[in-house]
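Report on one structure; see the data block that follows.
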Amino acid sequence: MKKSLEEQIRDQVKYPTTYTKYAPNKEYIKNLESKKLMLQEKKKQINEVKTKINDIKNKRQGLDNLIISKLAFSSNKQLITKYKNKKTEQINSLKNIIKQQKDMIDYYKKRSTKN
Numbered sequence: 001m002k003k004s005l006e007e008q009i010r011d012q013v014k015y016p017t018t019y020t021k022y023a024p025n026k027e028y029i030k031n032l033e034s035k036k037l038m039l040q041e042k043k044k045q046i047n048e049v050k051t052k053i054n055d056i057k058n059k060r061q062g063l064d065n066l067i068i069s070k071l072a073f074s075s076n077k078q079l080i081t082k083y084k085n086k087k088t089e090q091i092n093s094l095k096n097i098i099k100q101q102k103d104m105i106d107y108y109k110k111r112s113t114k115n
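All the letters of the sequence shown, read from the start, carry residue numbers 1 to 115 under full-length UniProt numbering.
Written as structure tokens, this is what we have:
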């Protein structure tokens with residue numbers, strides 16, 4: 001199928017086979033350079049934010065360790081006070097038993113002296 005001359009011309013206009021020599025557009029280059037600078041600045045900002053986040057994480061870990069040690073100290077303190085309370089209760093009960101035994105000894109001494 002042969003194309004008519006008009007169709008061939010239209011196709012050439014749509015898809016040109018000859019290209020003009022590329023001349024660099026100075027404004028386009030300036031835009032690219034400014035975009036490149038903006039990207040570099042954004043990368044710097046991102047890196048600064050990352051370092052700040054890492055610093056915060058490190059400080060947070062220190063605070064977490066401090067909180068954990070405080071909690072452990074307070075729980076140990078509570079255990080110690082409970083232990084002390086139990087010991088004082090045991091000591092008091094032993095004192096009561098000793099007192100009762102002394103009373104019994106005194107009672108039997110009195111009874112034996114009467115006989």
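Here a beta-carbon is modelled for each residue, glycine too, at the ideal position from N, C-alpha and C.
Compute the Euclidean distance between the alpha carbons of Leu37 and Val49, then round it to the nearest angstrom. Within the sequence shown, the letter at position 37 stands for residue 37. Within the sequence shown, the letter at position 49 stands for residue 49. Approximately 18 Å, taken between the alpha carbons.
With H, G and I counted as helix, E and B as strand and the rest as coil, what does DSSP make of Ser74? Here residue 74 corresponds to residue number 74 of the sequence shown, with the count starting at 1. The answer is helix: DSSP assigns Ser74 an H, G or I state.
Would you say the beta carbon of Ile68 comes nearer than 7 Å to a heavy atom of the ligand MN? The ligand MN is not part of the structure shown, which contains no ligands of any sort.
Given this structure, state the Cα-to-Cα distance separating Leu63 from Phe73, to the nearest angstrom. Taking the sequence shown and counting its residues from 1, one reaches residue 63 at position 63. Taking the sequence shown and counting its residues from 1, one reaches residue 73 at position 73. Between Leu63 and Phe73, the C-alpha separation is close to 15 Å.
Rounded C-alpha distance that separates Lys87 from Ile105: By one-based count along the sequence shown, residue 87 stands at place 87. By one-based count along the sequence shown, residue 105 stands at place 105. Rounded to whole angstroms, Lys87 to Ile105 spans 27 Å at the Cα level.
Reduced DSSP category for Asn85 - H, G, I as helix; E, B as strand; rest coil: Position 85 of the sequence shown holds residue 85. Helix, per DSSP.
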